[in-house]
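What follows is a single structure, written as structure tokens, with notes after it.
Number of protein chains: 2
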Amino acid sequence: MTLRLARRMSGVRPSAIRDLLRFGADPSVISFGGGYPDASLFPVDELADVYARLLVPERSAALQYTTSNGLPVLRAQVAERLTRDGASVTADDVLIIQGGQQGLDLAAKLVVDPGDVVVTEDPTFLGALIAFAPTEPTYAAVRTDEHGMDTDDLQRVLEANPGAKLLYTVPDFQNPTGATLSFERRRRLLELANEHDLLVVEDTPYRSLRFEGSHRPTLLSLDTEGRVLHLGSFSKILAPGLRLGWAVGSPEVVERLGLLKLAADTQNSTLNMAATSAYLETYDIDAHVARMRPVYRHKRDLMLATMDETFPDVVTRTRPEGGLFVWLGFPEGFDATDFLGRVLLPEASVAYVPGATFFPVTQQPNHARVSYSGVPDDRLVDGITRMGRLLHREL
Amino acid sequence: MTLRLARRMSGVRPSAIRDLLRFGADPSVISFGGGYPDASLFPVDELADVYARLLVPERSAALQYTTSNGLPVLRAQVAERLTRDGASVTADDVLIIQGGQQGLDLAAKLVVDPGDVVVTEDPTFLGALIAFAPTEPTYAAVRTDEHGMDTDDLQRVLEANPGAKLLYTVPDFQNPTGATLSFERRRRLLELANEHDLLVVEDTPYRSLRFEGSHRPTLLSLDTEGRVLHLGSFSKILAPGLRLGWAVGSPEVVERLGLLKLAADTQNSTLNMAATSAYLETYDIDAHVARMRPVYRHKRDLMLATMDETFPDVVTRTRPEGGLFVWLGFPEGFDATDFLGRVLLPEASVAYVPGATFFPVTQQPNHARVSYSGVPDDRLVDGITRMGRLLHREL
């Protein structure tokens with residue numbers, strides 16, 4: 001047959017993330033690629049307990065269909081957590097989604113027509129570019145530094161793109177740079193969003209994983225106009241294999257996202273929602289996250305210290321205050337994709353995500369994202385050391 | 001803020017299904033609305049066993065991310081099941097999806113541009129119309145009878161719509177009519193699809209639930225040109241709360257659906273995939289389904305017998321050989337939506353799905369879909385009897 005593709009498919013192509021999830025499955029490769037949490041931190045015993053309590057005949061509703069917006073009790077629990085984080089949220093404001101990624105798909109469907117301008121950090125989360133692609137956006141990218149999106153540059157970008165509809169940001173421990181948006185810039189970002197009437201998508205998968213520095217308020221909590229769509233996820237604080245996240249926003253936004261969610265996949269897994277709700281009811285997730293933070297701090301420190309010892313000085317790296325990622329800068333002319341395929345994987349069985357595809361407008365080849373979270377300490381040191389040796393030879 | 005919606009949102013509106021999933025949650029209402037399987041048939045003990053075996057520290061991979069196309073072992077098991085059902089399928093041909101519904105969303109994204117013609121049965125599955133809506137199709141609807149889609153009418157419809165791209169069908173125990181496509185029509189449908197170069201989406205959520213009559217081959221098994229995209233689901237044979245289904249098609253289709261799946265939600269729940277795979281490995285799902293069939297046959301018989309006793313003769317009903325649904329036809333001039341809201345719910349606390357919204361082009365108000373699967377016997381008899389009494393009064 002002749003497959004007559006829809007026009008949107010011209011922007012839907014194989015991605016670095018997908019290939020790297022494949023590398024990650026090969027146990028002989030030390031992969032700093034995927035944003036995998038440390039599997040040894042999953043609360044396995046507690047989850048075993050809650051699943052066992054649900055999988056009994058009297059509770060067969062946990063295996064049945066439920067309402068498409070998500071189990072009401074879980075929505076209330078998410079609302080309560082966000083309220084403790086400074087926003088004023090009720091269960092009705094919460095939509096349970098299939099991980100944060102689904103929120104990106106739904107948000108783009110909600111507002112983006114082909115050609116519409118989406119504003120992002122430069123670089124930005126590759127998974128967001130993948131999620132947005134089927135809606136055929138064009139991009140305007142805003143300069144970032146160690147304090148996140150540069151709001152002076154954002155102002156220029158918005159003035160140059162008066163029709164922009166959606167601003168996408170990862171304000172806490174950004175993917176891929178690890179940078180956190182300063183308080184002043186959060187306020188300024190919202191002022192500019194108000195001025196230009198943007199929907200602001202605040203993506204916060206790493207927010208609870210701060211192991212250093214001081215707490216910043218969410219954009220959701222600072223928003224006075226109902227223009228922030230806040231996305232969060234249980235993937236990094238509980239387990240990614242449950243595929244549970246949340247979307248919170250104004251009634252007119254959440255109502256429509258709920259319709260798009262119903263259209264896309266009916267609902268999330270009832271069993272996983274019920275189990276997560278039971279976990280939150282029975283156990284202390286904040287205490288669990290508090291136990292994770294020093295582990296990730298230790299891994300960040302170990303990675304940066306190993307880089308200090310083994311990397312050439314010309315290779316820059318960021319120092320995140322939380323989250324999972326360090327962002328590497330190589331000298332001009334260095335091609336991180338070429339180095340990965342030609343040297344790092346074949347000679348050292350080490351992988352990272354080449355940085356080029358994180359840039360929505362002008363790809364810069366001399367960057368890479370490395371994650372310290374999913375690799376045991378000995379392999380982390382081993383992998384970074386091998387990478388350092390090859391970088392010395394290459395540079 | 002002023003929410004500037006994307007154009008596709010003009011077709012995304014609240015649906016009867018969503019409202020009825022809400023009715024279904026009210027225990028005082030006897031709802032024949034949702035296509036809920038009988039929760040007492042879920043293999044709870046077996047699922048408790050497989051989850052307990054997975055939720056141990058040595059198997060933390062079940063809580064981690066995995067490849068976006070789905071756990072390879074589960075893909076192989078699905079391929080093996082479909083091969084036993086007459087198609088030649090390998091694990092590479094299988095994409096694991098979030099229930100059959102996600103396959104509809106992905107299929108429409110793959111080929112439908114705004115205004116493209118999608119051909120469906122008349123009436124067709126409401127959830128498919130909801131899934132397709134964000135791609136802004138137009139519809140051409142094909143007459144159906146007790147043997148499914150009328151292929152003479154299909155020929156006329158295709159000649160009248162030479163640009164049609166996608167043909168959607170539920171060949172086994174259709175939703176909402178319960179009709180099954182005859183063998184001759186299956187062959188003819190594919191001939192016409194070949195002639196008009198259509199992508200055929202074969203949706204088979206109820207296929208295993210045949211309790212009467214003779215087996216028909218899948219369109220997938222009859223396809224010689226790689227034009228059938230076959231969708232299936234564990235929702236009705238295992239449990240809907242796991243949200244697991246599969247999409248099977250040609251390499252060029254499945255490759256691209258995988259990219260769309262990654263964009264939409266990264267992957268299905270690793271834990272639920274691993275548990276379903278372990279269930280299939282340890283237990284005999286065919287024996288389980290064989291135990292379900294007489295239960296559904298009994299419920300169909302009980303519903304039809306109760307209708308024979310209590311319904312006015314002018315109300316027609318179909319007699320499905322499997323699946324979950326009976327389709328009611330009321331006299332001309334009867335409005336099933338009005339009757340539900342004005343009489344049936346307030347006076348009898350009984351619900352069905354009004355039929356109008358199942359018609360993609362010209363809504364016929366004098367139909368309703370009733371499901372016998374999810375209601376205990378005593379409530380089934382009670383609810384149908386109450387409905388019959390009110391229908392006698394009304395007609």
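One line per chain: the protein sequences are A and B, in this order. Counting from 1, one number per residue, gives the positions in the first sequence under UniProt numbering. Counting from 1, one number per residue, gives the positions in the second sequence under UniProt numbering. Where is the CB? At the ideal position from N, CA and C, for every residue including glycine.
Problem set entry | Per-residue DSSP class, three states only, for residue 294(A) | Against the first sequence, residue 294(A) aligns to sequence position 294. Helix, per DSSP.
Exercise. With respect to the beta strand (DSSP E) encompassing residue 219(A), which residues constitute its N-terminal and C-terminal limits?
Worked result: In the first sequence, the residue the question calls residue 219(A) occupies position 219. Run containing residue 219(A): none in the beta strand (DSSP E); it sits in the alpha helix (DSSP H), 219 to 222.
For this session: Assign residue 260(A) to one of three DSSP states: helix, strand, or coil.
Result: Numbered from its first residue, the first sequence carries residue 260(A) at position 260. Correct three-state label for residue 260(A): helix.
Problem set entry | 8 Å Cβ cut-off: residues of chain B touching residue 32(A) | Taking the first sequence and counting its residues from 1, the one referred to as residue 32(A) is at position 32. Correct list: empty, because the minimum Cβ distance to chain B is about 14 Å.
Exercise. Between residue 46(A) and chain B, is there a C-beta pair that is closer than 7 Å?
Worked result: By 1-based counting over the first sequence, the position of residue 46(A) is 46. Chain B contact via Cβ: absent.
Exercise. Can you tell which of 131(B), 181(B), 136(B), 198(B) has the C-alpha that lies nearest to the C-alpha of residue 164(B)?
Worked result: Numbered from its first residue, the second sequence carries residue 164(B) at position 164. Of 131(B), 181(B), 136(B), 198(B), the residue nearest in Cα terms is 198(B).
Problem set entry | C-alpha gap between residue 315(A) and residue 353(A), whole angstroms | Working through the first sequence from its first residue, we reach residue 315(A) at position 315. Working through the first sequence from its first residue, we reach residue 353(A) at position 353. Rounded to the nearest angstrom, the two C-alpha atoms are 16 Å apart.
Exercise. Can you check whether the CB of residue 384(A) is closer than 7 Å to the CB of residue 306(A)?
Worked result: If you number the first sequence from 1, residue 306(A) lands on position 306. If you number the first sequence from 1, residue 384(A) lands on position 384. Cβ atoms of residue 306(A) and residue 384(A): closer than 7 Å.
Exercise. Just the Cα atoms here: how many angstroms apart are residue 30(A) and residue 185(B)?
Worked result: Reading the first sequence from its first residue, position 30 is the one you call residue 30(A). Reading the second sequence from its first residue, position 185 is the one you call residue 185(B). Their Cα atoms are separated by approximately 54 Å.
Problem set entry | Collapsed DSSP secondary structure at residue 121(A) in the structure displayed | As a working mapping, residue 121(A) is identified with position 121 in the first sequence. It is a strand residue.
For this session: At 4 residues or longer, and completely inside the segment 236 to 280 of chain A: list those alpha helix (DSSP H) runs for me, N to C.
Result: 251 to 265
Problem set entry | Per-residue DSSP class, three states only, for residue 104(B) | Locating residue 104(B) in the second sequence gives position 104, counting from the first residue. Residue state, collapsed to three classes: helix.
For this session: Kindly give me the distance between the Cβ atoms of residue 349(A) and residue 299(A), rounded to whole angstroms, as I take these residues to be in contact under 8 Å.
Result: Sequence index remark: in the first sequence, residue 349(A) carries index 349 (1-based). Sequence index remark: in the first sequence, residue 299(A) carries index 299 (1-based). Wrong, their Cβ atoms sit about 20 Å apart, outside the cutoff.
For this session: At 3 residues or longer, and completely inside the segment 130 to 162 of chain B: list those beta strand (DSSP E) runs for me, N to C.
Result: 138 to 145
For this session: Starting from the C-beta of residue 361(A), find all residues in its chain whose C-beta is less than 6 Å away, skip the five residues before and the five after it, and write them out in chain order.
Result: Position 361 of the first sequence holds residue 361(A). Excluding positions up to five away in sequence, the list reads 139, 141.
Exercise. Any contact of the segment 33 to 53 of chain A with the segment 216 to 225 of chain B, i.e. 3+ C-beta pairs under 8 Å?
Worked result: no
Problem set entry | Contiguous beta strand (DSSP E) assignments of at least 3 residues, all confined to the segment 178 to 238 of chain B | 199 to 203, 228 to 233
Exercise. Are residue 395(A) and residue 312(A) touching if we call contact CB-CB under 7 Å?
Worked result: Sequence index remark: in the first sequence, residue 395(A) carries index 395 (1-based). Sequence index remark: in the first sequence, residue 312(A) carries index 312 (1-based). Yes, they are a contact pair.
For this session: Can you tell me which of the three DSSP states residue 282(A) falls into?
Result: Taking the first residue of the first sequence as position 1, residue 282(A) is located at position 282. The answer is helix: DSSP assigns residue 282(A) an H, G or I state.
Exercise. In terms of residue numbering, what span does the alpha helix (DSSP H) encompassing residue 44(B) cover?
Worked result: Taking the first residue of the second sequence as position 1, residue 44(B) is located at position 44. It spans 44 to 54 - the alpha helix (DSSP H) in which residue 44(B) sits, taken as one unbroken run.
For this session: Determine the burial state of residue 287(B): buried for a count of at least 16 other Cβ atoms within 10 Å of its Cβ, exposed for fewer.
Result: Position 287 of the second sequence, counted from the first residue, corresponds to residue 287(B). It is exposed - the Cβ of residue 287(B) has fewer than 16 other Cβ atoms within 10 Å.
Exercise. From 116(B), 190(B), 263(B), 155(B), pick the residue whose C-alpha is nearest to that of residue 136(B); which is it?
Worked result: As a first step, residue 136(B) must be located in the second sequence, where it is residue number 136. Answer by Cα proximity: 116(B).
Problem set entry | Presumed contact (8 Å Cβ cut-off) between residue 355(B) and residue 368(B), rounded CB distance | In the second sequence, counting from the first residue as 1, residue 355(B) sits at position 355. In the second sequence, counting from the first residue as 1, residue 368(B) sits at position 368. Going by Cβ atoms, the distance from residue 355(B) to residue 368(B) rounds to 5 Å, so yes, they are a contact pair.
Exercise. Among 77(A), 8(A), 211(A), which residue has its Cα nearest to the Cα of residue 93(A)?
Worked result: Walking along the first sequence from the start, residue 93(A) turns up at place 93. Looking at the Cα atoms, 77(A) is the closest of the given residues.
Exercise. Around the Cβ of residue 177(B), are there at least 16 other Cβ atoms within 10 angstroms (buried) or fewer (exposed)?
Worked result: Position 177 of the second sequence, counted from the first residue, corresponds to residue 177(B). The residue is buried, with at least 16 neighbouring Cβ atoms inside 10 Å.
Exercise. What are the uninterrupted segments assigned as beta strand (DSSP E) that are 3 or more residues long and contained completely in the segment 336 to 361 of chain A, given in chain order?
Worked result: none
Exercise. Listing by chain order, which chain A residues have their CB less than 7 Å from the CB of residue 55(B)?
Worked result: Within the second sequence, the letter at position 55 stands for residue 55(B). Under the 7 Å cutoff, chain A gives 44, 47, 48, 51.
Problem set entry | Where residue 111(B) sits in the DSSP three-state scheme | Locating residue 111(B) in the second sequence gives position 111, where the first residue counts as 1. Of the three classes helix, strand and coil, the one that applies to residue 111(B) here is helix, per DSSP.
For this session: Examine chain A for any beta-carbon lying closer than 7 Å to the beta-carbon of residue 401(B), and answer yes or no.
Result: Shown here, chain B extends from 1 to 395; a query on residue 401(B) therefore has no answer.
Exercise. How would you call residue 2(B), buried or exposed, if buried means at least 16 neighbouring beta carbons within 10 angstroms?
Worked result: If you number the second sequence from 1, residue 2(B) lands on position 2. Result: exposed.
Exercise. Name the chain A residues that come within less than 7 Å of residue 225(B), Cβ to Cβ?
Worked result: Taking the second sequence and counting its residues from 1, one reaches residue 225(B) at position 225. Those are 1, listed as they occur along chain A.
For this session: Have a look at residue 237(A) and residue 325(A) and give me their C-alpha separation to the nearest angstrom.
Result: Counted from its first residue, the first sequence places residue 237(A) at position 237. Counted from its first residue, the first sequence places residue 325(A) at position 325. Whole-angstrom Cα-Cα distance: 16 Å.
Problem set entry | Where the alpha helix (DSSP H) through residue 81(A) begins and ends | Counting from 1 along the first sequence, the entry for residue 81(A) is found at position 81. Residues 72 to 84.
Exercise. The segment 121 to 137 of chain A: which residues have C-beta closer than 8 Å to a C-beta of chain B, in chain order?
Worked result: 127, 130, 131, 133, 134, 135
Exercise. Within this structure, are the beta carbons of residue 265(A) and residue 267(B) separated by less than 7 Å?
Worked result: Along the first sequence, read from residue 1 onward, the residue named residue 265(A) stands at position 265. Along the second sequence, read from residue 1 onward, the residue named residue 267(B) stands at position 267. It is not a contact, given that the beta carbons lie outside the stated cut-off.
For this session: Quick one: list the residues of chain A neighbouring residue 5(B), beta-carbon separation under 7 Å, in chain order.
Result: On the second sequence, position 5 is the one that residue 5(B) refers to. What residue 5(B) touches in chain A: 110, 111.
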